[in-house]
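Engineer:
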Amino acid sequence: MKLVTCGIYERELKEIIKKNEELFSGIEPVFLAPALHVDLNALEQELNKFFNKEFTGMVLYGSSCLPELKEMCCAQSCPLPDGKDCAQVIAGKDLLNELSQSSKDFYLTPGWLEHYEAIFKEGLGWDTIDARQNFGFYDRVVLLDTGVRPIDDLEILEFYEYSQVIVEIVPISLNHFEKCLIQLLTKV
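First residue of the sequence shown? That's 7 in the numbering used here, and the numbers climb one at a time after it.
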């Protein structure tokens, strides 16, 4: 069974699969490019490569990554995680609400940090001026550190230089993400 997923989740997903080998033994993750959600047509085309066949599996994207995603998954009887974006899928709405100091927080996962150039610079075409204008709305960037890879100080500094918004690192567990994946499995 295939699990079609955004590459943003790659490290976290591999960690969960490794921890629960028996449970996920029949699952074949298919990692799509992390920046696809910035080009809705490209994301829809990639997903349709799976949906146009007799697809049995799951999709691991936030529901707001593509406006038609819920309908596409429903038409295929394909479960979708509860969460509008990767931060909600990984951490859960409750934790994000608890962490939120204001509505002006931007949540970043390690995958987003790792691929921010592909997403913002290449995908959206933002130079530093565009980034500062778009991120200028936010009071802070909250990096949800899942512990799946070391977070390098230079990475944080580079992202800060690009966005000009303070980055606060918040360690989180993978418990919610693991529960989310297990729940998807029960719906297939």
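Quick reminder that beta carbons are idealized off the backbone N, C-alpha and C, glycines included. These numbers come from a predicted model, not from an experiment.
1) Could you tell me how far apart the beta carbons of ASP91 and ARG146 are, in whole angstroms, since I believe they sit closer than 8 angstroms?
2) Looking only at its own chain, which residues have a Cβ that is under 7 angstroms from the Cβ of ALA97, when we skip the five neighbours before and after it?
3) What separation, rounded to the nearest whole angstrom, lies between the Cα atoms of LEU38 and PRO116?
4) Relative to the C-alpha of MET7, which candidate in ILE22, PHE56, ALA137, ARG155 has its C-alpha closest?
5) For ILE175, which residues does DSSP report across the bridge?
6) Of the choices HIS121, ILE172, TRP118, whose alpha-carbon is the least far from that of PHE141?
7) Taking only three categories from DSSP, how would you classify TYR144?
8) Beta-carbon separation of HIS121 and PRO40 under 8 angstroms?
9) Beta-carbon separation of VAL44 and GLY153 under 8 angstroms?
10) Candidates LYS25, ASN47, SER169: which alpha carbon is nearest GLN206's?
11) Taking the beta carbon of GLN51 as the centre, do at least 16 other beta carbons fall within 10 Å, making it buried, or is it exposed?
12) Expressed to the nearest angstrom, what Euclidean distance is found between the alpha-carbon atoms of GLN107 and VAL176?
Structural biologist: On the basis of the supplied data:
1) About 17 angstroms; that fails the 8 angstroms criterion.
2) LEU150, ILE178, HIS182
3) Near 16 angstroms, if we compare the C-alpha coordinates of PRO116 and LEU38.
4) PHE56
5) LEU149
6) ILE172
7) coil
8) yes
9) no
10) Residue 206 falls outside the range modelled here, since the chain spans only 7 to 194, and no answer is possible.
11) exposed
12) If you take the alpha carbons of GLN107 and VAL176, they lie about 13 angstroms apart.
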